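In full-length UniProt numbering, the protein residues as written are 1 to 119.
Written out as structure tokens, the structure reads:
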């Protein structure tokens with residue numbers, strides 16, 4: 001890893017190499033996939049709804065997002081498949097919630113950031 005010949009930044013080659021090495025130690029592809037999943041408006045609505053109400057069933061999500069139960073179910077399965085949501089079964093009912101506090105914080109911070117940009 002070498003600096004580009006015409007680069008005049010103050011970042012040293014050693015610092016640049018450290019950044020490069022650090023990037024190769026984290027799951028960049030998986031993180032990119034997480035943001036790809038969240039690039040869908042309906043899924044962001046669902047995730048945000050789950051920061052407000054800890055658990056929701058499919059029919060509640062369909063009502064909140066103004067979609068069909070089939071569509072809500074599809075989006076919830078996608079969130080679950082990618083580790084953003086989890087389920088809890090109670091008899092015939094299946095309740096969805098965000099997987100953990102990291103997902104909750106990610107959604108809240110993204111919403112807060114966007115609200116500040118739009119002020």
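We treat Cβ as the ideally placed atom computed from N, Cα and C, and that holds for glycine.
All values reported here derive from a predicted model rather than from experimental measurement.
Ranked by Cα distance from residue 33, the first of 9, 81, 111 and 90 is 81. For residue 89, the enclosing beta strand (DSSP E) starts and ends at 85–90. Rounded to whole angstroms, the separation of the alpha carbons of residue 5 and residue 44 is 43 Å. Listed in chain order, the non-local C-beta contacts of residue 49 below 8 Å within the same chain comprise 56, 61, 64 and 65, local neighbours out to five positions each way being set aside. Rounded to whole angstroms, the gap between the alpha carbons of residue 94 and residue 103 is 20 Å.
In the displayed model, residue 94 falls within a strand according to three-state DSSP. Residue pairing of residue 57 in beta bridges, as defined by DSSP: 95. Scanning its chain for C-beta atoms nearer than 6 Å, with the 5 sequence neighbours on each side dropped, one finds around residue 84 the residues 99 and 103, in chain order. In the three-state DSSP reduction, residue 40 falls in the coil class, being neither helix nor strand. Around the beta carbon of residue 47, 16 or more other beta carbons lie within 10 angstroms, which makes this residue buried.
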